[in-house]
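S.K.: Would you mind keeping the following structure in view while I ask a few things?
Numbering (the working numbering), first residue to last: 348 to 619.
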């Protein structure tokens, strides 16, 4: 009922004004909170952390277990194949981002492979697009995989790629998990992506799909660079996105101190 909605809105605004600290999970959350008149000094950008993997297999071991060849460059995407809920939904769907990835991947050398982990109603669209571009033999749809087993796919790939353009409210779990496994990422240049990686060191961010494709090509031809960026990615997640790090920051808030943020929204490097 509208009356209840007004009551909840009033209560929400009052709680924002009375709270000592407001935790924001993403740059978009922080912007929404600022729009309610909350001063910057009371807003803490503390994204959701991840639980580090206890065992990360080697690339060679993971590829043997998954039946993937050792030599070619393997690009990984982990995503639900969701579609738009209705014609009025203007936010690009996950499936649309995967379709953009396949189109960019089609221009890569013929030995490169793309592995997509995840499933959903958009699976047929993905299959049809891969067939249309004649890369269906190089695009492997792994379907749904138990979360405990996804680390094998992260370990098997050379880098993670997902061209999501929409700003979200949460840091992408897969982007963080891939980096925790020592794999760099290629994504679009958004505030959320800048917060989720170290642009230029642990990941490459693109202003448009043409630049995204250039980043794919650059990393697919340079495994040594992938490994170097992957080490930087793992170190970044370890110091910024683990549960222990976030717990210490929340303890600081409870003691009345604003913690030093371990994340920032850096401008991406334009060196491919």
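Glycine residues also receive a C-beta, built at the ideal position from the N, C-alpha and C atoms.
#1: Touch check for the segment 393-409 and the segment 423-439: three-plus C-beta pairs under 8 Å?
#2: Take every Cβ of the segment 550-557, pair it with every Cβ of the segment 485-492, and state whether three or more of those distances are shorter than 8 Å.
#3: Could you pull out every unbroken alpha helix (DSSP H) segment of at least 4 residues lying fully inside the segment 528-583, listed in chain order?
#4: Excluding the 5 residues flanking residue 476 on each side, which residues of the same chain have their C-beta closer than 6 Å to its C-beta?
#5: According to DSSP, simplified to helix, strand and coil, what is residue 604?
#6: Please specify which runs of the beta strand (DSSP E), each continuous and at least 3 residues long, are wholly inside the segment 447-506, giving them in chain order.
#7: By Cβ distance below 6 Å, which residues in the same chain neighbour residue 580 in space, the five residues on each side in sequence not counted?
#8: Is the segment 433-446 close to the segment 500-507, with three or more CB pairs under 8 Å?
#9: Which residues in the same chain have their Cβ closer than 6 Å to the Cβ of residue 452, if we skip the five residues on either side of it in sequence?
#10: Could you work out which residue in 583, 350, 414 and 360 is closest to residue 610 when comparing CA atoms only?
#11: Give me the Cα-Cα distance between residue 411 and residue 474, rounded to the nearest whole angstrom.
#12: May I ask you to list the residues that DSSP assigns as paired with residue 371?
#13: Where residue 516 and residue 569 are concerned, what is the direct C-alpha to C-alpha distance, given to the nearest angstrom?
#14: Three-state secondary structure (DSSP) at residue 413?
#15: Contact between the segment 590-598 and the segment 528-547: three or more CB pairs below 8 Å?
#16: In three-state DSSP terms, what is residue 589?
#17: Can you tell me where the alpha helix (DSSP H) with residue 428 in it begins and where it stops?
#18: State the Cα-Cα distance for the pair residue 604 and residue 470, rounded to the nearest angstrom.
#19: Could you pull the start and end residues of the alpha helix (DSSP H) that residue 383 belongs to?
#20: What first and last residue would you give for the alpha helix (DSSP H) that runs through residue 352?
#21: Closer than 8 Å is the cut-off here; do at least three beta carbon pairs connect the segment 562-578 with the segment 370-382?
#22: For residue 513, which residues from the same chain have a beta carbon less than 7 Å from its beta carbon, with the 5 sequence-adjacent residues on both sides left out?
#23: Going by DSSP in three states, residue 610 sits in which element: helix, strand or coil?
#24: Nearest-angstrom Cα distance between residue 363 and residue 600?
#25: Would you report the Cα separation of residue 380 and residue 481, rounded to the nearest angstrom?
#26: Could you name the residues of the same chain whose beta carbon sits closer than 7 Å to that of residue 466, not counting the 5 residues immediately before and after it, in chain order?
#27: Which residue from 394, 350, 374 and 385 puts its Cα closest to that of residue 360?
#28: In three-state terms, what does DSSP make of residue 508?
M.R.: Working from what's here:
#1: no
#2: no
#3: 538-543 and 556-567
#4: Position 129 of the chain shown, counting from 1, holds the residue named residue 476. Correct list, in chain order: 446 and 449.
#5: To locate residue 604, count along the chain shown from 1; it is residue 257. Coil, per DSSP.
#6: 460-464 and 486-490
#7: Start at 1 with the first residue of the chain shown, and residue 580 comes out as number 233. Cβ neighbours of residue 580 beyond the five flanking positions: 526, 531 and 549.
#8: no
#9: Along the chain shown, one-based indexing puts residue 452 at 105. Answer for residue 452: 461, listed in chain order.
#10: Counting from one through the chain shown, the residue named residue 610 turns up at place 263. The shortest C-alpha separation from residue 610 is found at 583.
#11: On the chain shown, residue 411 is found 64 positions in, with the first residue counted as 1. On the chain shown, residue 474 is found 127 positions in, with the first residue counted as 1. Roughly 25 Å separates the two Cα atoms.
#12: Taking the first residue of the chain shown as 1, we reach residue 371 at position 24. 392, per the DSSP bridge assignment.
#13: Residue mapping note: residue 516 aligns to position 169 of the chain shown, counting from 1. Residue mapping note: residue 569 aligns to position 222 of the chain shown, counting from 1. Here residue 516 scores only 49 on pLDDT, less than 50, and its place in the model should not be relied on; the value that follows carries that caveat. Roughly 33 Å between the two C-alpha positions.
#14: The count along the chain shown starts at 1 and reaches residue 413 at position 66. Here residue 413 sits in helix by DSSP.
#15: no
#16: Counting from one through the chain shown, the residue named residue 589 turns up at place 242. Three-state DSSP puts residue 589 in a strand.
#17: Taking the first residue of the chain shown as position 1, residue 428 is located at position 81. Taken as a continuous stretch (DSSP letters only), residue 428 belongs to no alpha helix (DSSP H), as it is neither H nor E.
#18: Residue numbering aside, residue 604 sits at position 257 when the chain shown is read from its first letter. Residue numbering aside, residue 470 sits at position 123 when the chain shown is read from its first letter. Cα-Cα distance, rounded: 48 Å.
#19: The residue you call residue 383 lines up with position 36 of the chain shown. Looking at the DSSP string, residue 383 is not in any alpha helix (DSSP H), and its letter there is neither H nor E.
#20: For the purposes of this step, residue 352 is taken as the residue at position 5 of the chain shown. Element bounds for residue 352: 349-365.
#21: no
#22: Residue 513 sits at position 166 when you count from the first residue of the chain shown. Within the same chain, residue 513 has close Cβ partners 438 and 439.
#23: Indexing the chain shown from 1 puts residue 610 at position 263. If DSSP states are grouped into helix, strand and coil, residue 610 belongs with coil.
#24: Your numbering for residue 363 matches position 16 in the chain shown. Your numbering for residue 600 matches position 253 in the chain shown. The alpha-carbon atoms of residue 363 and residue 600 are separated by roughly 15 Å.
#25: Here residue 380 refers to the residue found at position 33 of the chain shown. Here residue 481 refers to the residue found at position 134 of the chain shown. Roughly 47 Å between the two C-alpha positions.
#26: Taking the first residue of the chain shown as 1, we reach residue 466 at position 119. The residues are 428, 490 and 491.
#27: Here the question's residue 360 lines up with position 13 in the chain shown. Ranking 394, 350, 374 and 385 by Cα distance to residue 360 puts 385 first.
#28: On the chain shown, position 161 is the one that residue 508 refers to. DSSP places residue 508 in strand when its eight states are reduced to three.
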